[in-house]
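So for the sequence shown, mature numbering (1 follows the signal peptide of the UniProt record, and there is no 0) puts the first residue at 14; every next one is plus one. Glycine included, C-beta positions come from ideal geometry on N, C-alpha and C. Keep in mind the model is a prediction, meaning the values are calculated, not measured.
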Amino acid sequence: PQSLRALGAAIDLPIGSALTPQDITDFAAVSGGQFSVVMGANAMKWQTVEPAQGSYDWTDADQLMAFAKANHQLVRGHTLLWHNQLPTWLTDGVAAGTITKSKLWALLEKHIFTEVGRYKGRIWQWDVANEFFTDANPSGINPNDWWIQQLGESVIPQAFKWAHQADPHALLFYNDYNVTGEDGTNAKSDAVYAWATKQRDAGVPIHGIGTQAHLDTQYGFDPQRFQQDLERFGKAGFKVAVTEADVRTFVDAAATQVPTDSLAQFAQPFEYSAMLQAAISVPAVISFTVWGWTDSLSWVPGTFSGEGYACLYDVNQQPKQAYYTLQKDL
Ligand code: XIL
């Protein structure tokens, strides 16, 4: 059987993964061989690229770009405007009042032009804004979000405009979780839909909607809802990307990640498969990327206490049933 990237190429659907520096240095064969689109798990976040004010560190981002070039991979840039993983000099400066509102606008503009400009012409899709909506029902832009608190809601369209000026050919995405029915209510999906269409109609250069698609076997999952949401974003004229797919579950220990619920072994390939099949069936979907491919480097054990087993490959980098299922679906 062929690699995921070869199978995806045959149906014109790039298949990819987020990569950490270790995915590149230690597991280049899979990271390069299986995927045709990559993104930095942390490499392009503000905290990583500008750890001290005015002093840039492009080590990880450049490594990712070089790896992608060597392996003929597309790149998704992730992410320019997000409340997490901001440099402490920035958040501390704002808290102390040394970074005023007008300075913060200027710093954001500089951040976007510097980073997007550095990789101009080499990034296929940028996740410009990430995770701005609440999970409440009805949902809306989170008034307590750090950026919204500092600069108000216009910060999001402004970021899109700057990113577009910095690289007019990049596809610009709004990216979030629970926007494809994962939460059951679909309230957040509705809110993002209403906001994104309104912004776009007002001339904001927002080209795509990214659904992170972090699933958990304990919450159940509605494949039909997932597909319908991809479809309606597509019908509204947006490109759509499944950006951070993974399917976590409770496990024995972080080192081994054996599911404690034996049904998870069946639920996981089923949920991965349902997501990919939906992506394949909706023409607007232009890429399907997972948030890391091996359980040994997954963000899940460090973030969700007691959970793991979220990826296509196990802790020893051996393909799991989920991998073989995607191979068949492609
Ligand atoms: C995660 C990274 O994988 C971790 O290494 C880091 O500690 C925290 O962020 N949604 C996103 C990603 O958009 O940027 C997050 O990545 C996972 C959730």
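If you ignore the 5 residues before and after Phe173, its C-beta comes within less than 6 Å of the C-beta of Val141, Leu185, Val217, Pro218, Ile219, all in its own chain and listed in chain order. For Leu32, the three-state secondary structure derived from DSSP is strand. Per the C-alpha coordinates, the member of Ser44, Asp39, Ala65, Gln35 positioned closest to Asn55 is Gln35. For Glu128, there is no enclosing beta strand (DSSP E); the enclosing alpha helix (DSSP H) covers residues 114-131. Around the beta-carbon of Asp73, 16 or more other beta-carbon atoms lie within 10 Å, marking it buried. Using a Cβ distance threshold of 7 Å, Lys252 and Ala297 count as a contacting pair.
Remark: the C-beta of Ala54 is in contact range of the ligand XIL, defined as less than 6 Å to any heavy atom. In the three-state reduction of the DSSP assignment, Pro236 falls in the helix class. Rounded to whole angstroms, Asn97 and Leu103 show a C-alpha spacing of 12 Å. Rounded to the nearest angstrom, the gap between the Cα atoms of Ala277 and Gly106 is 45 Å. Note on geometry: alpha-carbon atoms of Gly197 and Thr230 lie some 14 Å from one another. Judged by beta-carbon spacing, Val50 lies within the 7 Å limit of Gly29, meaning their Cβ atoms are closer than that value.
Taking 6 Å as the cut-off, the C-beta of Asn191 does not count as close to any heavy atom of the ligand XIL.
When only Cα atoms are considered, Gly134 and Leu17 end up about 25 Å apart. The criterion of a C-beta distance shorter than 7 Å is satisfied by Val129 and Asp180. Between the stretch 327-334 and the stretch 261-275 there are three or more C-beta pairs closer than 8 Å, enough to call the two in contact. In this structure, DSSP gives Tyr187 an extended state, which the three-state scheme calls strand. Under the three-state reduction of DSSP output, Lys211 falls in the helix class. If you draw a straight line from the Cα of Gln290 to the Cα of Pro151, it is about 29 Å long. In the DSSP annotation of this structure, Gly223 is not part of any alpha helix (DSSP H); the continuous beta strand (DSSP E) holding it starts and ends at 221-224. When secondary structure is reduced to three states using DSSP, Ile154 falls in the strand class. Rounded to whole angstroms, Thr224 and Lys333 show a C-alpha spacing of 23 Å. Residue pairing of Ala258 in beta bridges, as defined by DSSP: Val303. DSSP places Trp102 inside the alpha helix (DSSP H), whose first and last residues are 101-109.
Secondary structure note for Leu310: it is in no alpha helix (DSSP H), with a DSSP letter that is neither H nor E.
Taken atom to atom, the span from the alpha-carbon of Met288 to that of Phe239 is near 7 Å.
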